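Undergrad:
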Amino acid sequence: MFDPTVKFSLINKLDNRWDSTIKESKIVTTFEKAKQAIISRLENISILQSIGQCLKLMSFCLSILLFICLPLPQFVNDKQGLAIIVMAAAICWLFRKSPFKKENYKANFIDALVLLFLCFNIVSTCSSHYLAASIHGLLKLIVYVVAYFLLSEQLKESSKWQFVFVAILLIGGALVSIDGLYQYKIGVAPLATWEDPNIENQATRIYATFNNPNLLAGFLLPLIMFSGSLLFATWNKGKWLVSVLPAVLTVLLTVALVLTGSRGGYIGAFVGYLGLFFIGIARLWQGKKKRRFFIPVLLLLLSVGAALAFHYMPTFQQRIVSIFAGREHSSNSFRMNVWLSSLKMLKDNWLIGIGVGNQAFRLAYGLYMRSGFDALGTYCVPLEIAVETGIFGLIAAISLVGGLFYRAHLVFWSKTFSFKQPLQQSESSENIFIYKQWLTAGAAVALIAMLSHGLVDTVFFRPQVEFIFVLLAATIAANSQTQ
221 MFDPTVKFSL INKLDNRWDS TIKESKIVTT FEKAKQAIIS RLENISILQS
271 IGQCLKLMSF CLSILLFICL PLPQFVNDKQ GLAIIVMAAA ICWLFRKSPF
321 KKENYKANFI DALVLLFLCF NIVSTCSSHY LAASIHGLLK LIVYVVAYFL
371 LSEQLKESSK WQFVFVAILL IGGALVSIDG LYQYKIGVAP LATWEDPNIE
421 NQATRIYATF NNPNLLAGFL LPLIMFSGSL LFATWNKGKW LVSVLPAVLT
471 VLLTVALVLT GSRGGYIGAF VGYLGLFFIG IARLWQGKKK RRFFIPVLLL
521 LLSVGAALAF HYMPTFQQRI VSIFAGREHS SNSFRMNVWL SSLKMLKDNW
571 LIGIGVGNQA FRLAYGLYMR SGFDALGTYC VPLEIAVETG IFGLIAAISL
621 VGGLFYRAHL VFWSKTFSFK QPLQQSESSE NIFIYKQWLT AGAAVALIAM
671 LSHGLVDTVF FRPQVEFIFV LLAATIAANS QTQ
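Numbering (our numbering), first residue to last: 221 to 703.
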């Protein structure tokens, strides 16, 4: 079986080198000196320690509140409200530590890649012709970067919080899915023209609280992969009764995704399910030989389900077929025109980009757009990053995603119980580690699904989707933390 011990030693070296660089930097050493100067003037230690514990609890509660608010209709367009929650949680977390205890923060190389991507965005902003609009986009990115460091540190502090965050998201996903099923039952009217009437019959496309079926699909995609990974985890442990809950959740979320009619969501789900079943089947095949009979049964059930949906839902069939219609479908043609215009933008601004954010994009896009094809973004996440930050920003983003996949791969196939702090090799600690492995795998597969969806859509940059991406990155970074 794959042994990642040697490769984890390389990860450990990179993490230690970056950690020492941070701790020996002028900023950190100056901050430590200032903290010690303040300590020498303080007298009441117990009160400060109590305040620190309260701030820590408040930070966790605010992080929970963030994920509770994501599917709420009040926050679909209220980006400022979500940003306030994140910054308040970060401030509470920053001051949670007692100044009389030594800080045990351990940086890893994923942090360096996040900061590298941020640096290229800063360079692009400072050199942009649309400075004000680009600053606005940069501030939004900073919120996501702060959220990443906040969540990764919280998950390193206590691994149980990743189960809490995922559980909250799954509950929210189940509720919006039920709301979407009700919309499908009553035949809710579309809020915009989402189909090409020359090729497709008008069908009910659910959008729940998001007012956009593509956004709902982008929100549900990673939750399906999380739920599916937990299903495989329970099967792996032989807990058949417990597996009923993630199985029902996976079916419910998948049905809701199908009813969104989001073709990008279908692409993401197809790629995500392929990845999830590949790693799940590989794990069951190598480790649980007595349960190999589940593999053909599972594949048969999925094939039958897909065939029934394709046969009894003609609108689903039409949406799938329209993916391959090329320019004959108006939505495909629209995206192709936007891609061609965006490529011209990239050709003229390949080094440092046009500036950060959709406001800067819209200002620049008017110079390149084809008449009648206005757009809010490039409808392709890699192309959007390249247009905004240039080739170096794209390389940094690819490096970040590649680093996350690599570390997730090592965690999933490792036999070591913990990379950060050694645990007693008890049955409970082994169970926790196995579930963390499967959550890490679910996070990696969710990344694949989201990025596949992002190749043909721009909902990735909406807070309801990007905050989940941040959680996925933080989960992988925290679970792969070396000593």
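Ideal Cβ placement from N, Cα and C applies to all residues, glycine included. All of these numbers come straight from a predicted model, not from anything done at the bench.
Which whole-angstrom value is the C-beta distance of TYR486 and ARG539, which I expect to be below 8 Å?
TA: Contact holds; Cβ gap of about 7 Å.
Undergrad: Is it the case that the Cβ atoms of ARG344 and GLY577 are separated by a distance below 8 Å?
TA: The sequence as given places Ser at residue 344; Arg does not occur at that position. Taking 8 Å as the Cβ cut-off, SER344 and GLY577 do not qualify as a contacting pair.
Undergrad: Over what stretch of residues does the alpha helix (DSSP H) that includes PRO293 continue unbroken?
TA: Segment: none, PRO293 is in no alpha helix (DSSP H) and carries neither H nor E.
Undergrad: Enumerate in chain order the residues of its own chain whose CB-to-CB distance from VAL679 is below 7 Å, with the five nearest sequence positions on each side excluded.
TA: So the qualifying residues of the chain are ASN434, LEU435, GLY438, VAL685.
Undergrad: GLU244: buried (16+ other C-beta within 10 angstroms of its C-beta) or exposed?
TA: By the 10 Å Cβ count, GLU244 comes out exposed.
Undergrad: Using a threshold of 8 Å, state whether the C-beta atoms of GLY597 and PHE681 are closer than that.
TA: A contact, by the Cβ cut-off of 8 Å.
Undergrad: To the nearest angstrom, how far is it from the Cα of TYR404 to the Cα of SER542?
TA: Whole-angstrom Cα-Cα distance: 21 Å.
Undergrad: Compare the beta carbon distance of SER449 and LEU389 with 8 Å and say whether it is the shorter of the two.
TA: Cβ distance not < 8 Å, so SER449 and LEU389 don't count as in contact.
Undergrad: Is it buried or exposed, ARG590, if we count other Cβ atoms within 10 angstroms and call 16 or more buried?
TA: Exposed, by the Cβ-count rule.
Undergrad: By the 10 Å Cβ neighbour count, where 16 or more other Cβ atoms means buried, how is ARG627 classified, buried or exposed?
TA: So ARG627 counts as buried.
Undergrad: Looking at MET445 and the ligand ADP, is the gap between the Cβ and the nearest heavy atom below 7 Å?
TA: Here there are no bound small molecules, and the ligand ADP is not part of this structure.
Undergrad: Mind checking which residues open and close the alpha helix (DSSP H) that includes MET445?
TA: That run of the alpha helix (DSSP H) goes 433-456.
Undergrad: Excluding the 5 residues flanking GLN657 on each side, which residues of the same chain have their C-beta closer than 7 Å to its C-beta?
TA: Counting only Cβ-Cβ distances below 7 Å, and skipping sequence neighbours, we find VAL631, PHE632.
Undergrad: Closer than 7 Å by C-beta to VAL475: which residues in its own chain qualify, once you throw out the five before and the five after it? Chain order, please.
TA: The answer is none, since no qualifying residue turns up.
Undergrad: When the Cα atoms are used, what is the spatial distance from LYS567 to PHE544?
TA: Between LYS567 and PHE544, the C-alpha separation is close to 28 Å.
Undergrad: Taking the continuous alpha helix (DSSP H) assigned at CYS339, which residues delimit it?
TA: First-last of the alpha helix (DSSP H) with CYS339: 329-346.
Undergrad: Mind checking whether VAL607 and LEU667 have CB atoms under 8 Å apart?
TA: Result no, Cβ atoms of VAL607 and LEU667 do not sit closer than 8 Å.
Undergrad: Under the rule that 16 or more other beta-carbon atoms within 10 Å means buried, what is PRO293, buried or exposed?
TA: Under this definition PRO293 is an exposed residue.
Undergrad: Looking at the unbroken alpha helix (DSSP H) that takes in GLN701, where does it start and where does it end?
TA: Note, GLN701: premise wrong, no alpha helix (DSSP H); not H, not E.
Undergrad: For the alpha helix (DSSP H) containing ARG582, name the first residue and the last one.
TA: Per DSSP, ARG582 belongs to the alpha helix (DSSP H) from 578-585.
Undergrad: Distance check for VAL334 and THR241, CA to CA, integer angstroms please.
TA: Whole-angstrom Cα-Cα distance: 15 Å.
Undergrad: With a Cβ-Cβ cutoff of 8 Å, do LEU441 and LEU469 count as a contact?
TA: Cβ atoms of LEU441 and LEU469: not closer than 8 Å.
Undergrad: Within 10 angstroms of its Cβ, does TRP505 collect 16 or more other Cβ (buried), or is it exposed?
TA: Exposed, by the Cβ-count rule.
Undergrad: Using a 10 Å radius around the Cβ and a threshold of 16 neighbouring Cβ atoms, would you call THR695 buried or exposed?
TA: Burial call: buried.
Undergrad: Along the alpha helix (DSSP H) that carries GLY597, what are the first and last residues, could you check?
TA: Run containing GLY597: none; DSSP gives neither H nor E here.
Undergrad: Can you check which of these residues, ASP235, LEU336, ASP677, THR249, is closest to GLY483 by C-alpha distance?
TA: Residue 483 is actually Arg in this sequence, not Gly. Minimum Cα distance to ARG483 is reached at ASP677.
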